[in-house]
Structures are given as C-alpha cells and as structure tokens.
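Structure, as structure tokens:
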Amino acid sequence: MVLARNVHKRFGLNEVLKGIDMTVERGEVVCLLGPSGSGKSTFLRCINHLETINRGRITVDGDIVGYREKDGRLYELPEKVAVRQRAEIGMVFQRFNLFAHKTALDNITEAPVLVKGIARKDAERRGLELLERVGLGDRGGAYPSQLSGGQQQRVAIARALAMDPKLMLFDEPTSALDPELVGDVLDVMRDLAKAGMTMVVVTHEIGFAREVGDRVVFMDGGVVVEEGDPAQVLDAPREARTKAFLSKVL
Amino acid sequence: MATSTPQPGEDAGDIKAVPVRHYGRWAVAAVVLVVVASLVYSAANNDRFKWDIFGDYLFSDRVMRGLWLTMWLSVVATVIGVVLGTILAVMRLSTNPVLSTISLVYIWAFRGTPVLVQIFLWAFIGSIYPEITFGVPFGGPDLISSNSNDLIKPITAAILGLGLNFAAYQAEIVRAGLLSVDEGQVEAAKALGMTGANTMRRIVLPQAMRVIIPPTGNQAIDMLKTSSLVSVIAVSDLLYSVQLIYGQNYQQIPLLFVACFWYLLLTTIFTIGQYYLERHYAKGNLRELPQTPVQRARAMAASVRFGGTGNSI
C-alpha cells in the first residue's frame, strides 16, 4: 500500500529525513515510535503530500505521491489531481483541527458533499452512522468548543473515515489528551484496525503499539533505527538507541 | 431547618445572597447626570442655537434628498470596498506571484494617496482622457468609444473614489483576518482533499469573519462621514445640501446640527447591524451566545414582574 524508498526531506539546511525506506502492506497497522525531532511526524506528512520530499520516492497504491512520471521525468500534479490523491488518504492530527465554525456532523459531511459530490442527505445519514461508531451518536449538533478533547478527536476520526480512505494516517492522536480520555480514542482506533483498515500511527502509546501494531518502526535522527514485530522491538530491542529510548518511556 | 454550616445530606436550597453594593457607581452616576442636565439646560435656553430653525429644516425636502444620497452612496461604496477588498486580500495571500503583486501595487497606490485627491482625479478624468475607448491597445482599432464626461458623472466619480479607496484598507483588514485562522484548519481541509479555493471559501473566510467584522464596521461608519468629502465635486449629499441651504440663509450652526443629527442616526443604525452580524459569526467560538439587549431587557422585565433577583448594577 505504502512504499517509501530513500526518502530525504530538508527544511532549509536542516535535513530531517535522511533516507527512509518503509513498506506498509494492505490491512497492516504500522506504529512509528521515536523521540521528538526524529522525523516521524514529518515522514507521515510526506505520505499525503502535506510536505514535499527532496529526494527518493513515496508511492501509495502504486501512484507516486504528488507527481506523475513520464519518460523518466517527474511532473508536478496539478491541484485538481493532487487533491483527488489526498482525498483517498485520511489523516488525524495531534491538535484535532476540527472546523471550529461547524458542528460535529457538519465537520463530517463537509468534505464528502464538497469533494465527492455526495447528496447532503446521504452524507448526513452516513455521518450519523460514523458518529454512532465512535460513540458520539448524540453529539452531532455540538460545536467543537462544546466537546472534550477526546470527543473532538473521535469526531476527527469519523470525519476522515467519511471519505472512505484506503489508508489512515494518525499523527500523535492522543498526545494532546488528558490521560483518562486517551482510552476512548485508542478504543476507536483498535476497532478500526480490527476492521482491516491500513494504518500508519505515530504514537507514544507503547501499549497500543504492542497490542494493535502489526509492526513497529523505531526512528531517530531522520533514519529508521530498527523495525519488526512489536514484541521483538519493544521487549528485546537489538539496537542500543532503541533500548535507551524504551527504558525512558516504559 | 437551614443552618450556616451545611450538614451531610442536607440541602441548603438555592442561594439568595445580598449582592455587593456599588456605592461608588451610584455617586459617579449622580455627578454625571447633573453635568449632562446642566449642558442640556444651557443648550435649550441659549437662543443662538436657534432650535426653531433646526426643527424647520430637519425634515425639509432638500435635507431628505441629501440624506438619501449619503445613505445609498455609503452603502454602494462600502459594498464595492468589501467585495473588492476581500478579493485583493485573497490575491495578496495567493501563492501566485502575479496576483499577489497586482494586489500589493493596488494597495500601495490607493492607500498611499489622500481619498480627497482620488475623488478629484476621478471627477477630472475627462481632462486626462477625454475619450474612454475599448479596443486593441497600442494604437489598434477602437471597438467601443465614449466621452469621459458622459461616462463618469460626478456621482460615478464619488462612488469610484470612495469605493476603490475603501477596498485598499479593507484588503488589509481581511488579510489580517485570514492570517488569524489557525494553520491546522487549512491542513485538515487539505488532508480531506479540498481545493485551495474551497478551503478559502468554506473554512478560512467564515472563521476569519469574527476578526474581520469589528474593523469593517468601523470602516463602514467612517464611510458614512467620509462620503461628505464628495461635496467638493458638487455631489449633493447630506453635508452639501445643508451647505447650500446655509449659503442662502447664513444659519450655519442649526443646519450643521441638522447634518450631525442625521449622521448620528445613520451610524447608530450601522452599529446595530454590526452587533448582530458579529453575533452571527461568533457561532462555534463561544460556548453560549451572549444575550442581545432585547433579550436582556425582556429577562429583566420578567424578573421584576416575578420578583426574582435580576442583575443589580
């Protein structure tokens, strides 16, 4: 589903990604772990072209992200095409980023109506189903400011799901939440994984990575240090850097 | 039996406390009332104000016609300014360098010269370009041609002068509003596959309105009064009408008061409109909308009628 080869990303002179290789199979849940500044969030944002990469290739479902290749040359995608590519990849942000002027239900129906051209009535029926699924069936009329952080994040997940994505990206979805609200969000993500969704999750929740992740990737300093089965990487890490990190967070 | 220290399981009932008394406020209010009353008394008893002439002309035909012109001129120029200003602000923030440069130069020129001069220039455009033609540029054939003085009458010059100048200021107000919206909102919209134009229209602009409206209301009210500048090109707005009258009867003071009375009334109406517009766009930003003055008055009347405790001053 996701194929990354030798991905490099620079911000000015600061090289944040120094050659990332990664493969995510269909239906797989991959958890990205690592200290702050290790480049894991940046890499996630490169997958749906919120950031452009300087070197290497990322393909999603066989298509190069953000470009089209013809006769060995890359052509930047025009906005209309690039937008279609993004619509197939769902993203959940650390700070939720719900549209503040829209109710929970309107947050969910906005993109399906506007981007996919689905009839508002159908989008609303689907939106209510999704709210039900994340345990917020009765809060459709609430504005984001009237919801707790955990509720907002669950609405954000429902919003991304409304576009029927083939891939879901989670950028530290529980880092901005009070400890007792983390569980509700993780429950929703666990159900999603069980339903067979392909997921890439940047997280600090080691427990979640161990239980739900099919594979764990440990990043540091812009490179992949170690990856493999969660039990192996988390319980018997091979690299000294991984051991040092885990000893601090566990 | 209620006691001052509640026992477990005991309900002390709703709180009926004596509110804090603000004696200072009452004292200041009394002083202010005396001062205002004395001012009103002196104005009412000073013959030089000539209130009878004020009354004679307040609703006179010429004043009414001027008032009507000031009203629609301000509204039209404000609408042009708001629409064009919004377009300019979006252009200014666009990643397209051609659009942002056009916007930058427009704002530079129209904000950098006095609006009075701009009104004059539009009025006298016939002396620079006696004919305005649409055709092939650089000396090619003309398609449509018209005499400038026929095309741009004083009232058109007034609308252009006021509206285009307003737009330059409005562009900066809108730009500030757009920049105030969290970058995360744009990213979320992008991640959902929305185009830049849709993101601007559906996500960013509606949220920017909360920041844009107060200074825009300020500008619109300013426009009501700035529109009096068009008297210099003999457009008979409220001020010019009044000037024409006192040019004949030399009663400057009462007639200027007539003009002030109507300007104040118009700005009051604009201010009320702004209040309700702000309320509309506060949706989602406040957990609960504040009550309108009308709702507050009703609540107070109800509490007096039913003997409850309203908010004391």
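Chains A and B, in that order, are what the protein sequence lines are.
Heads up, the first sequence is in this note's numbering, so the first residue is 30 and it goes up one at a time.
Heads up, the second sequence is in this note's numbering, so the first residue is 913 and it goes up one at a time.
Every residue, glycine too, gets a C-beta built ideally from N, C-alpha and C.
In the three-state reduction of the DSSP assignment, methionine 1121 of chain B falls in the helix class, which pools H, G and I.
Ranked by how close their Cα comes to the Cα of isoleucine 49 of chain A, the residues A/Arg188, A/Phe247, A/Tyr104, A/Leu215 have A/Phe247 in first place. If only complete runs of 3 or more residues are kept, the stretch 969-1016 of chain B shows no beta strand (DSSP E) anywhere.
DSSP places glutamate 1190 of chain B within a helical segment (H, G or I) once states are collapsed to three.
Going by beta carbons, alanine 187 of chain A and phenylalanine 125 of chain A fall outside the 8 Å limit.
Listed along chain B is no residue with a C-beta nearer than 7 Å to that of methionine 226 of chain A; the closest approach is about 16 Å. If only uninterrupted beta strand (DSSP E) runs of at least 3 residues are considered, those enclosed by the stretch 205-235 of chain A are 228-231. The C-alpha of valine 252 of chain A is placed about 20 Å away from the C-alpha of valine 89 of chain A. The beta carbon of asparagine 83 of chain A sits no closer than 8 Å to any beta carbon of chain B.
The stretch 1143-1151 of chain B makes contact with the stretch 1058-1067 of chain B; the number of CB pairs closer than 8 Å reaches 3 or more. Taking the CA atoms as reference points, alanine 1035 of chain B sits about 10 Å from valine 1142 of chain B. Note on glutamine 1160 of chain B: under 16 other CB atoms within 10 angstroms of its CB, so exposed under the neighbour-count rule.
Residue B/Leu1074 holds the alpha-carbon nearest to the alpha-carbon of isoleucine 1133 of chain B among B/Leu1090, B/Ala1100, B/Val948, B/Leu1074. In terms of beta-carbon proximity, leucine 79 of chain A lines the interface with chain B, with at least one pair separated by less than 8 Å.
Taking the beta carbon of phenylalanine 122 of chain A as reference, the chain B residues within 9 Å of it are Gly1096, Glu1099, Ala1100, Ala1103, listed in sequence order. Interface flag for arginine 115 of chain A against chain B is set, since a Cβ pair is found closer than 8 Å. With a cutoff of 8 Å on beta-carbon distance, aspartate 249 of chain A and glycine 119 of chain A are scored as not near each other. Segment contact: the stretch 1079-1091 of chain B against the stretch 997-1006 of chain B, three or more CB-CB distances shorter than 8 Å; contact assigned.
Secondary structure within the stretch 32-71 of chain A: the beta strand (DSSP E) runs of 3 or more consecutive residues, fully enclosed, are 43-53, 58-62 (chain order).
Going by beta carbons, alanine 140 of chain A and leucine 1104 of chain B fall inside the 8 Å limit.
The C-beta separation of isoleucine 1115 of chain B from tyrosine 1193 of chain B comes to about 14 Å, leaving the pair out of contact by the 8 Å criterion.
Annotated as distal: glutamate 234 of chain A and valine 245 of chain A, with beta-carbon spacing of 8 Å or more. Between the C-alpha atoms of phenylalanine 122 of chain A and methionine 1212 of chain B there is a straight-line separation of about 45 Å. The DSSP-derived three-state label of glutamate 1043 of chain B is strand. At a beta-carbon threshold of 9 Å, none of the residues of chain B lie near alanine 205 of chain A; the nearest stands roughly 11 Å away. Boundaries of the beta strand (DSSP E) harbouring serine 1058 of chain B: 1054-1059, taken from the DSSP string. Residue A/Ala224 holds the alpha-carbon nearest to the alpha-carbon of methionine 197 of chain A among A/Thr271, A/Pro259, A/Glu44, A/Ala224.
Leaving aside the five residues that flank valine 1123 of chain B on each side, the residues in its chain whose CB is nearer than 6 Å to its CB run, in chain order, Gly1089, Ser1092.
Per the Cβ contact rule, the stretch 971-984 of chain B is in contact with the stretch 1151-1169 of chain B (3 or more Cβ pairs under 8 Å). Residue burial annotation: asparagine 1077 of chain B is buried, with at least 16 other C-beta atoms found within 10 angstroms of its C-beta.
By DSSP's assignment, aspartate 249 of chain A forms a beta bridge with A/Val252. The continuous alpha helix (DSSP H) containing threonine 271 of chain A extends over residues 269-278. Glycine 1105 of chain B is bridged by DSSP to nothing; it lacks a bridge partner.
Excluding the 5 residues flanking it on each side, proline 266 of chain A has same chain C-beta neighbours closer than 8 Å at Phe247, Glu255, Lys272, Leu275, in chain order.
Taking 8 Å as the CB threshold, phenylalanine 40 of chain A stays off the interface with chain B. Taking one beta carbon from each stretch, the stretch 1020-1029 of chain B and the stretch 1177-1187 of chain B have fewer than 3 pairs nearer than 8 Å; the two do not touch.
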